[in-house]
Each structure stands twice: as C-alpha cells, then as structure tokens.
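Read in order, the letters of the sequence shown correspond to residues 1 to 433 in full-length UniProt numbering.
Single-structure report; data block below.
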Amino acid sequence: MQLFLIILFTFLSAGSFWLFLRGKYKLSPLWLMLSVWFIAIAISQLNLSTLELPWSGKYWGLLLISLISFCLGFFVFNHPGLDPGSTSRIPASAGMGSSKLRWVIYILFAISLLALYLFYQNAGNFPLLAPDPDAFRFTADESVPGLINYLSQLARIFIPLSFFVFFAEKFSWKKHWDLIGICVIGVWFLILFASRTQIFFIDLWIMALYLLMRKPNLKQALKFYPVFLLVSVLVLAAVPLYRNYKSYGADYLGSITGIDTSNYNVVQKALVPIYVGVSFNQQALLHAENYYQDHEVQKGRVFLDPFTNIFGKVIKPLNQFKSNYDLGAIFHPWWNTGTYLFPFVQDFGTVAFYFIPFIIAGILTWAWKYWETRPNFLSTNLYAYTMFFIVMTVYLSFTVRAEMYLDLALLLLIYLILVWTPRISVRGGANES
1 MQLFLIILFT
11 FLSAGSFWLF
21 LRGKYKLSPL
31 WLMLSVWFIA
41 IAISQLNLST
51 LELPWSGKYW
61 GLLLISLISF
71 CLGFFVFNHP
81 GLDPGSTSRI
91 PASAGMGSSK
101 LRWVIYILFA
111 ISLLALYLFY
121 QNAGNFPLLA
131 PDPDAFRFTA
141 DESVPGLINY
151 LSQLARIFIP
161 LSFFVFFAEK
171 FSWKKHWDLI
181 GICVIGVWFL
191 ILFASRTQIF
201 FIDLWIMALY
211 LLMRKPNLKQ
221 ALKFYPVFLL
231 VSVLVLAAVP
241 LYRNYKSYGA
251 DYLGSITGID
261 TSNYNVVQKA
271 LVPIYVGVSF
281 NQQALLHAEN
291 YYQDHEVQKG
301 RVFLDPFTNI
311 FGKVIKPLNQ
321 FKSNYDLGAI
331 FHPWWNTGTY
341 LFPFVQDFGT
351 VAFYFIPFII
361 AGILTWAWKY
371 WETRPNFLST
381 NLYAYTMFFI
391 VMTVYLSFTV
401 RAEMYLDLAL
411 LLLIYLILVW
421 TPRISVRGGA
431 NES
C-alpha cells in the first residue's frame with residue numbers, strides 16, 4: 001500500500017506539473033499547488049523516521065478537503081467578472097528602462113553590503129563561519145536589529161531583479177557581466193547565513209520560471225536551467241549538512257529524527273534534509289490538528305504576529321494581541337514549521353482546512369490573472385513571488401513571516417520608482433509628479 005501511494009502521488013504530481021506547463025490554465029497556481037502537494041504527500045509516505053505518526057483517516061480527509069477547497073477557490077476567482085485589469089497585452093518591460101532598474105539593483109546591492117558590515121559589527125561573525133552555526137544564529141537574532149538582519153539578505157530581491165533584466169533583454173554574458181557578478185556575490189551572501197535563509201535558494205528555481213513566462217527558445221533556456229539546478233541542489237543539500245555537522249557532529253539529523261542512515265550512501269544522506277523538511281512539516285500539521293482538539297485556538301493572533309511584533313514596539317496596546325503557545329507541546333521543540341496551513345490551524349483549528357485554502361487560492365489566482373492580463377514589471381515579479389510561495393507551502397508559511405510583507409512592499413516601491421517620470425512644464429522645467 002505504501003509503495004502504491006508513493007507511485008500514485010508521484011504520477012499525479014508529474015501530471016499536474018505537465019498541465020502547469022502545457023495544459024488548460026497554463027502556468028496557473030491551480031496546477032502548481034497540486035503538483036507540489038502531491039509530491040510532498042508521496043515523499044511523506046516513505047516513513048523513514050521512527051518519530052513519524054501514521055496518517056489517520058481523518059488527516060487524509062482533511063488534506064483532501066484542503067486541496068478541494070483550493071481548487072474551488074481557483075475556479076471561483078478565475079471567473080471572467082473578477083479580472084483585475086485590462087486584457088491588453090503590455091510588454092513586461094513597459095514603463096521601465098533597464099538602465100533605471102540596473103541602478104536600483106546597484107543600490108540594493110550597496111545597501112546589502114553596508115548591512116552585512118553592520119551585521120558583522122553587531123554579531124562578530126556569520127552563521128556559516130561560526131564554530132556552532134545553529135547556536136550563533138539565535139545569538140545573532142538577539143544582537144542584530146531586525147532591519148539590519150533583513151537588509152543584509154537583500155540578495156533574495158536583487159538576484160531575481162537581475163534575472164528580470166536578463167529575461168527582459170536578450171541575455172549576453174558580455175552585456176550582463178555586472179549583474180552576473182552581483183548575483184554570484186549575492187548567492188554567497190545568502191550562504192553565509194547557513195540556516196533559514198537557505199530556503200530562498202528555491203527563489204532561483206522560481207525566477208527560472210521567468211523563462212517559461214516569457215516563452216524562450218531552447219538555446220536561451222539552456223543558458224540558465226543547468227546553473228539553477230546545480231546551485232539549488234548543491235546549496236539545499238550541502239548547506240544543511242555542513243551546518244548540522246559543525247553544530248552537532250556527523251549524522252545529527254538522522255539521529256535526532258530517528259532515521260537510520262548507517263547504510264545510506266553519500267547521495268542518500270544529502271537528500272535526508274529535503275525529506276525531513278517535507279515529511280516533518282506534514283507531521284507538525286498532523287500534530288497541530290490533534291493538539292487543538294483539546295487546547296484553545298489562538299483566534300487569529302498567530303497570523304497577526306508579524307504586525308504585532310513590529311508595531312507593538314511603538315504601539316504598546318497591540319502587544320495584547322500577540323500569540324501565546326508552546327511549539328514543543330505541539331510537536332518537538334526543535335521543529336517549528338508545518339506547511340502554510342500550520343499557523344491557521346493554530347488560529348482556527350480544524351475548520352482552517354476548509355476555508356483557508358479557498359482564500360489563499362483567491363489571492364494567488366488574482367496574482368496570476370493580473371500577470372496574464374497585464375504582464376508588466378510589477379505583475380511579473382508578483383507572480384514569480386507567488387510561485388515561490390506555492391512551492392514553499394509544504395515547507396512553511398510565509399504569512400507569519402515579516403519578510404514576506406517587506407519583500408512585497410519593496411517590490412511595489414521599486415515598481416513605482418521605475419514607472420515614475422517627472423512632469424515637464426511648458427518652459428521645459430521639471431515639476432514634481
């Protein structure tokens with residue numbers, strides 16, 4: 001039965017991804033979400049860890065309900081009457097000059113360099129270079145102001161923006177050598193953080209979808225996909241292994257998760273972090289659903305945490321709305337993520353499986369339709385970020401991370417800068433717009 005489920009959901013995932021690329025509703029969030037969740041379910045059926053509970057019939061049913069709810073949300077919000085804008089085809093580069101965007105990238109790169117320097121001044125090191133990366137990152141979170149922490153990781157913004165220039169123009173190593181250099185340095189910036197931020201390397205995969213969105217030829221695609229694949233696989237596998245080895249010694253992840261890796265080869269050991277990331281998030285969601293059968297739900301406070309944590313420092317009365325829960329009591333104290341549904345189950349309990357996917361589908365479908373009907377700079381970047389969010393739904397929920405809201409606000413600000421032009425008076429002078 002276990003093997004049958006793995007094969008079944010792997011085929012369903014492959015079929016959904018083919019429909020995402022070629023079928024009706026091409027490049028829509030519907031097929032990508034189904035593909036990601038089907039492969040996550042298939043991976044979870046390997047049951048490699050002794051800590052994993054078998055999935056109950058109820059949990060299987062709730063997962064099915066959540067996927068049906070997402071599908072319904074997509075079809076409801078895909079109604080023609082809910083189009084976000086004009087159906088005119090506007091070039092993705094419309095309203096923005098590549099030279100202006102280049103300057104934005106240069107500025108973001110310079111800001112990140114300054115922030116990295118300030119990070120080092122406050123923390124004294126970077127997680128990857130510290131003797132104990134895991135312990136150091138918690139210390140750094142306390143010693144480094146949140147804004148500096150965020151700005152030091154701006155590579156996850158200026159790398160995709162560099163890709164946008166590559167794909168908006170005809171890529172040339174000679175013409176784009178400056179942005180290539182910035183991207184390479186930016187990749188190293190992210191590696192320095194060695195922990196949570198390594199998830200942003202999936203951003204490289206998602207930005208590769210710019211190519212699909214811009215309908216490239218084979219020669220153009222071959223310039224990018226091999227590099228994306230190599231960088232993503234190496235970083236996603238190697239960085240967690242190195243971090244765990246430095247912090248805890250050899251085979252820490254296998255021992256703490258109850259996975260017997262004694263007979264695993266090098267490739268299998270490298271894939272263990274990816275398996276754990278997928279399967280243990282499903283386990284955390286399963287445990288959360290069980291936990292909140294007997295404990296009071298958070299009633300929306302978990303979702304509000306990114307805002308209360310930031311604004312509560314200035315507006316003190318907001319602190320009363322902060323969430324209060326014990327993650328260790330839900331699953332394990334060293335595991336604190338559980339798919340995009342996890343915080344909503346904390347907030348609303350079992351009912352979250354019914355209505356949250358519907359709402360999320362509406363937001364993601366709007367982003368897709370906005371890009372389809374008005375493929376400009378903003379819509380293209382927003383939808384690429386949307387695809388990144390979808391891929392990450394099996395790993396964590398960005399809805400409770402302040403970075404997501406800051407990223408989106410920054411993308412909007414950059415768009416406004418790019419399309420802004422000063423008004424010229426009759427006499428030729430520039431007036432404020």
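Beta carbons: idealized from backbone N, C-alpha and C, even for Gly.
Only a predicted model underlies this, so the values are computations on that prediction, with no experimental measurement involved.
Residue i and residue j closer than 7 Å at C-beta
i, j, result
"Trp34", "Ile390", "Residue identity differs from the one stated: residue 34 is Leu in this sequence, not Trp. For Leu34 and Ile390, no; Cβs fall outside 7 Å."
"Phe353", "Ile65", "yes"
"Gln298", "Gln346", "yes"
"Trp368", "Pro29", "yes"
"Thr337", "Leu396", "yes"
"Ala194", "Val239", "yes"
"Leu179", "Ser162", "yes"
"Ser44", "Gln293", "no"
"Leu253", "Val266", "no"
"Phe38", "Ala361", "no"
"Thr386", "Leu364", "yes"
"Ser152", "Ala110", "no"
"Val184", "Leu101", "no"
"Val302", "Pro343", "yes"
Spatial distance of residue i from residue j (CA atoms)
i, j, result
"Leu63", "Trp55", "10 Å"
"Tyr117", "Pro145", "13 Å"
"Val419", "Leu412", "11 Å"
"Leu304", "Gly81", "31 Å"
"Ile6", "Arg137", "36 Å"
"Asn319", "Lys313", "8 Å"
"Ser279", "Leu286", "11 Å"
"Ala123", "Tyr340", "31 Å"
"Pro357", "Met404", "18 Å"
"Thr10", "Leu3", "11 Å"
"Ser49", "Leu382", "37 Å"
"Asn47", "Tyr264", "15 Å"
"Tyr248", "Thr257", "13 Å"
"Trp188", "Met1", "44 Å"
"Asp260", "Lys58", "29 Å"
"Ser112", "Leu378", "22 Å"
"Lys174", "Ala135", "43 Å"
"Pro317", "Asn309", "12 Å"
"Leu51", "Gly61", "22 Å"
"Leu12", "Phe119", "45 Å"
"Asn290", "Lys170", "53 Å"
"His295", "Phe348", "11 Å"
"Leu72", "Tyr370", "19 Å"
"Phe311", "Met392", "26 Å"
"Leu230", "Ala14", "21 Å"
"Gln121", "Val36", "40 Å"
"Ser262", "Leu241", "15 Å"
"Trp366", "Asn244", "40 Å"
"Val235", "Leu192", "11 Å"
"Asp251", "Ile274", "14 Å"
"Pro160", "Ala402", "19 Å"
"Trp177", "Arg22", "33 Å"
"Ile315", "Leu53", "42 Å"
"Gly95", "Ser255", "Note that Gly95 scores a pLDDT of 44, beneath 50, so its modelled location is shaky and nothing firm can be said."
"Ser143", "Leu8", "48 Å"
Whole-angstrom C-beta distance between residue j and residue i, which should lie under 8 Å
i, j, result
"Phe158", "Gly186", "6 Å"
"Val394", "Ala40", "4 Å"
"Tyr150", "Leu406", "6 Å"
"Pro333", "Val400", "In fact, because the Cβ distance is near 18 Å, the residues do not count as touching under 8 Å."
"Lys246", "Asp132", "7 Å"
"Ile330", "Ala288", "5 Å"
"Leu190", "Ala155", "5 Å"
"Leu27", "Phe20", "6 Å"
"Ala409", "Trp335", "Rounded, the Cβ-Cβ distance is 30 Å, inconsistent with contact."
Proximity test, Cβ basis, 7 Å: residue i and chain B
i, result
"Asn381", "In the displayed structure, chain B is absent; only one protein chain is listed."
Cβ pair count under 8 Å reaching 3, the region 370–386 against the region 321–340: no
Any beta strand (DSSP E) of 3 or more consecutive residues that is wholly inside the region 93–175: none
Touch test, the region 64–78 against the region 103–114, Cβ-Cβ under 8 Å, three pairs minimum: no
Entirely enclosed alpha helix (DSSP H) segments - the region 20–45, minimum 4 residues: 29–44
4 or more residues per run - each alpha helix (DSSP H) lying fully within the region 250–279: 252–257
3-residue-minimum beta strand (DSSP E) runs that sit fully inside the region 277–324, ordered along the chain: none
Sequence ranges, alpha helix (DSSP H) only - wholly within the region 339–392, length at least 4: 342–348, 352–373, 377–392
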